[in-house]
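Chemist: With the sequence shown counted from 1, adding 159 to any position gets you the working numbering.
Quick reminder that beta carbons are idealized off the backbone N, C-alpha and C, glycines included.
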Amino acid sequence: MNWNDSTRRAFLKQFGVAGAAALAAANAPNLAAQATQPALTPADQKQADTRAARMKWWHEAKFGMFIHWGLYSVIGQHEWAKENEGIPLSQYEILAKNFHPKPNAARDWARLAKRAGQKYMVMTSKHHEGFCNWDTKLTDYNAKQQGPGRDLVAEFVEAARAEGLSVGFYYSLMDWHHPDGAICKTDEAARRRFVDYTHGLIRELMTNYGKIDVLWYDVDWPLNADEWESERMNEMVFSLQPDIIVNNRNGLPGDFSTPEQHIQAAENGRAWETCMTLNDSWGFNRGDDAWKTPKTIVDNLATCARGGGNYLLNIGPTEDGSIPQRTLEILTEVGRWTEANGESIYGTERGDLSPTTNTNLTRRGNTLYIHQKFWPGHTPAAEWLDFFKPEVVVALAGLKPKALSARLLKSGQKVEFTQDEFSLRLTGLPLEAPDEPATVIAVECDAEPVVDQRSLISKWPRNKVGISV
Ligand code: GLC
Numbered sequence: 160m161n162w163n164d165s166t167r168r169a170f171l172k173q174f175g176v177a178g179a180a181a182l183a184a185a186n187a188p189n190l191a192a193q194a195t196q197p198a199l200t201p202a203d204q205k206q207a208d209t210r211a212a213r214m215k216w217w218h219e220a221k222f223g224m225f226i227h228w229g230l231y232s233v234i235g236q237h238e239w240a241k242e243n244e245g246i247p248l249s250q251y252e253i254l255a256k257n258f259h260p261k262p263n264a265a266r267d268w269a270r271l272a273k274r275a276g277q278k279y280m281v282m283t284s285k286h287h288e289g290f291c292n293w294d295t296k297l298t299d300y301n302a303k304q305q306g307p308g309r310d311l312v313a314e315f316v317e318a319a320r321a322e323g324l325s326v327g328f329y330y331s332l333m334d335w336h337h338p339d340g341a342i343c344k345t346d347e348a349a350r351r352r353f354v355d356y357t358h359g360l361i362r363e364l365m366t367n368y369g370k371i372d373v374l375w376y377d378v379d380w381p382l383n384a385d386e387w388e389s390e391r392m393n394e395m396v397f398s399l400q401p402d403i404i405v406n407n408r409n410g411l412p413g414d415f416s417t418p419e420q421h422i423q424a425a426e427n428g429r430a431w432e433t434c435m436t437l438n439d440s441w442g443f444n445r446g447d448d449a450w451k452t453p454k455t456i457v458d459n460l461a462t463c464a465r466g467g468g469n470y471l472l473n474i475g476p477t478e479d480g481s482i483p484q485r486t487l488e489i490l491t492e493v494g495r496w497t498e499a500n501g502e503s504i505y506g507t508e509r510g511d512l513s514p515t516t517n518t519n520l521t522r523r524g525n526t527l528y529i530h531q532k533f534w535p536g537h538t539p540a541a542e543w544l545d546f547f548k549p550e551v552v553v554a555l556a557g558l559k560p561k562a563l564s565a566r567l568l569k570s571g572q573k574v575e576f577t578q579d580e581f582s583l584r585l586t587g588l589p590l591e592a593p594d595e596p597a598t599v600i601a602v603e604c605d606a607e608p609v610v611d612q613r614s615l616i617s618k619w620p621r622n623k624v625g626i627s628v
C-alpha cells in the first residue's frame, strides 16, 4: 500500500482517531455548535487561568524549528518508511544497532535555528516507529542502549539552550513497536500496560531534562482521550513542568491547535501553530527535492504572524545528524531576512489585514508592516495616464486609519507617501527591490491598521452609475 497523505488519513480514520472525530464534527456543524460545553474540570480551569502567562514567550517567538530524527533517518525514505515500504518489525529493529549519529549533531541544528531567526526547537523524542531517542529505563529500544550509545534528547536540550532557544519535545502516542500499541484498543490488560508505559515515558521526559517549554503530542491512534487517560497525562505534565505548553494531539484541546501543512488561523482567542515541511517529508528523504523557496518560507511566516499564529518549520537531518545542504542554504537565506526584518514578525499581533498578490501584511499596535513580495519596478509611465507617474510606487488599497509616517525597515530610510480614501501610495522608491525575498515598509498609523479592499466597493464612483461588482 502506498501511504500517501490520503491513505494515511484513511488509515487513521478507519481506526477512529482524531480524524474521524473531526469528520463527524464537520458533518454535523450545527450539532457541534448546539452542544453545551462540558464544565471545565479544576485542572482545565487551572490551565486556562495560567495559559496567557505560559504562552507569552511563544506568541512573541512566532518561528520555531521542528526536527524529525530517528531510525527512519537511516533509511532516508521519509519517516513513514516502515509502513510505506512494508518493512517487517524484525528487519526494522536492525536499524537501531546501525544508527550512528555524529556527536552533538544538534549543535549544528541549534546554530542554524538561531541564524534562521527561529526562537524554539521541537525534536522527535519518539516517533511512530517507537524508538526512544533518550536514555529511558522503560525499554531497551532506545538511543543509549542501541547504536548511538548516548542520550540524543539530552544533547538536543543542551544544544538548544546553548543558543538561548526554547526547548520542545515531540512525542508520538501511536507506537508501531510496542507489542500492546494496537491491541490496546480491544484488550483492557494491554491498554493498561501500554498507557502505563506511555505515561511513564512522558514522565521521564518531563523529569530528566530540566525546564521543558513545549510538549508536542502526535497521533493518538488507536485510543481516545478517555482511554489514554489524557487528563491525567496532562495533569502529570503540568505538575512536573508548571510553565510548559501542550498541543492538542492527545485527544484534548491543550493550549494550541496544530494545522498541518497548511495555514489556517484558529478562531480568535485560540492559539495556533502551523507545522510544515521544508520539502515534502518530515523525516530525511534522500530524493525529495521539492524544496520550498526562501520566498515561500518568508511569506508563510508573515501569513502565520498576520493571523496571530506561529510557524514550526521542519528539518529532517540525515542519519548521522547532518543538515541537508538545501536546508542549510534556504534557512540561511531566511535568516538574512529575519535579521533585518524581525520587527515585522516577532511580537506582532493578529490583525484584520487582507493581503494581495503582491503584498503580505503584519502589524503591531498602530504599525502596519507591508511585505512587498513582488517589487513593482517601473510603472507604465505614459504621460497621458495621470494616475501613473514615472517612478516606483508601492500602492495598497483599503488602509483604514491615517498613515503618519513610513520607512524601509531594513535601512530605516524614510519613505514619502500620499493617501486618499482609496489608496496608500508609497512613492520615490528605488527601481530594484531594496530587500529579498520581501521588502518590508513600516507604516505608522494614527490607529490600529485595518486593511480591507472590499470595504471600498461601495465607495467607488462606478456605483453611482449603477455598475456593481
Ligand atoms: C503526521 C505524520 C507524522 C509527522 C506529523 C507532524 O502526524 O504522520 O509523520 O510527524 O504529522 O505533524
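Since I believe residue 314 is in contact with residue 257 (beta carbons under 8 angstroms), could you give me their beta-carbon distance rounded to a whole number of angstroms?
Modeler: Not really, about 19 angstroms apart at Cβ, beyond 8 angstroms.
Chemist: Starting from residue 578, trace the alpha helix (DSSP H) both ways and give me its first and last residue.
Modeler: Taken as a continuous stretch (DSSP letters only), residue 578 belongs to no alpha helix (DSSP H), being part of the beta strand (DSSP E) at 575 to 578.
Chemist: Between 261, 422, 321, which lies nearest to residue 271 when the distance is taken from Cα to Cα?
Modeler: 321
Chemist: From the DSSP output, in three-state form, read off residue 614 for me.
Modeler: helix
Chemist: In the DSSP assignment, the alpha helix (DSSP H) including residue 218 goes from what residue to what residue?
Modeler: Membership of residue 218 in the alpha helix (DSSP H) is indicated by the continuous run 201 to 220.
Chemist: Between the C-alpha atoms of residue 619 and residue 578, what's the straight-line distance to the nearest angstrom?
Modeler: For residue 619 and residue 578, the distance between alpha carbons rounds to 16 angstroms.
Chemist: Any idea if residue 355 is buried or exposed, counting beta-carbon neighbours within 10 angstroms, 16 or more meaning buried?
Modeler: exposed
Chemist: Considering only their Cβ atoms, is the gap separating residue 276 from residue 498 smaller than 8 angstroms?
Modeler: yes
Chemist: Could you tell me the alpha carbon to alpha carbon distance between residue 572 and residue 334, rounded to whole angstroms?
Modeler: 55 angstroms
Chemist: Assess, as a yes-or-no matter, whether the segment 437 to 452 is touched by the segment 376 to 391 under the definition of 3 or more beta carbon pairs within less than 8 angstroms.
Modeler: no
Chemist: Quick check on the burial criterion: 16 or more other C-beta atoms within 10 angstroms. Buried or exposed for residue 504?
Modeler: buried
Chemist: Report the CB separation of residue 422 from residue 463 in whole angstroms; it is logged as a contact under 8 angstroms.
Modeler: 6 angstroms
Chemist: Heavy atom of the ligand GLC less than 7 angstroms from the Cβ of residue 378, yes or no?
Modeler: yes
Chemist: Do you know offhand how far residue 445's Cα is from residue 510's?
Modeler: Rounded to the nearest angstrom, the two C-alpha atoms are 39 angstroms apart.
Chemist: What span of residues does the alpha helix (DSSP H) with residue 298 cover, start to end?
Modeler: It is not in any alpha helix (DSSP H) - residue 298 carries neither H nor E in the DSSP assignment.
Chemist: Among 286, 235, 319, 216, which has the Cα closest to the Cα of residue 483?
Modeler: 235
Chemist: Between the alpha carbons of residue 466 and residue 609, how many angstroms are there, rounded?
Modeler: For residue 466 and residue 609, the distance between alpha carbons rounds to 13 angstroms.
Chemist: Can you tell me the Cβ-Cβ gap for residue 374 and residue 405, rounded? I've got them flagged as a contact below 8 angstroms.
Modeler: 5 angstroms
Chemist: So who's on the other strand from residue 236, going by DSSP bridges?
Modeler: BP columns for residue 236 point to 444.
Chemist: Once the 5 residues before and after residue 432 are set aside, which same chain residues still bring their CB inside 7 angstroms of it?
Modeler: Same-chain partners within the cutoff: 415, 417, 468, 469, 471.
Chemist: Terminal residues of the continuous alpha helix (DSSP H) containing residue 361?
Modeler: 347 to 366
Chemist: What I want to know is whether the C-beta of residue 441 ends up closer than 7 angstroms to one or more non-hydrogen atoms of the ligand GLC.
Modeler: yes
Chemist: Under 8 angstroms by Cβ, that's how I've got residue 606 and residue 560 pegged, so tell me the actual separation to the nearest angstrom.
Modeler: 4 angstroms
Chemist: Helix, strand or coil for residue 246 per DSSP?
Modeler: coil
Chemist: Is the beta carbon of residue 318 less than 8 angstroms from the beta carbon of residue 265?
Modeler: yes
Chemist: Nearest-angstrom Cα distance between residue 305 and residue 230?
Modeler: Looking at the backbone, the Cα of residue 305 and that of residue 230 are separated by about 11 angstroms.
Chemist: Short of 7 angstroms in beta carbon distance, which residues of its chain neighbour residue 617, apart from the five on each side in sequence? Order them along the chain.
Modeler: none
Chemist: Does the separation of the CB atoms of residue 565 and residue 552 fall below 8 angstroms?
Modeler: Inclusion of residue 565 and residue 552 in the CB contact set at 8 angstroms is not warranted, their separation being larger than that value.
Chemist: Find out if the Cβ-Cβ distance for the pair residue 599, residue 500 is shorter than 8 angstroms.
Modeler: yes
Chemist: Provide the residue span of the beta strand (DSSP E) that contains residue 434, from first to last.
Modeler: Counting along the chain, the unbroken beta strand (DSSP E) around residue 434 starts and ends at 430 to 435.
Chemist: Just to confirm my understanding: we take residue 198, look at its own chain, exclude 5 residues before and 5 after, and list those with CB closer than 8 angstroms. What are they?
Modeler: Excluding sequence positions up to five before and after residue 198, its CB lies less than 8 angstroms from no other CB in the same chain.
Chemist: Please report the distance separating the alpha-carbon of residue 259 from that of residue 516.
Modeler: 46 angstroms
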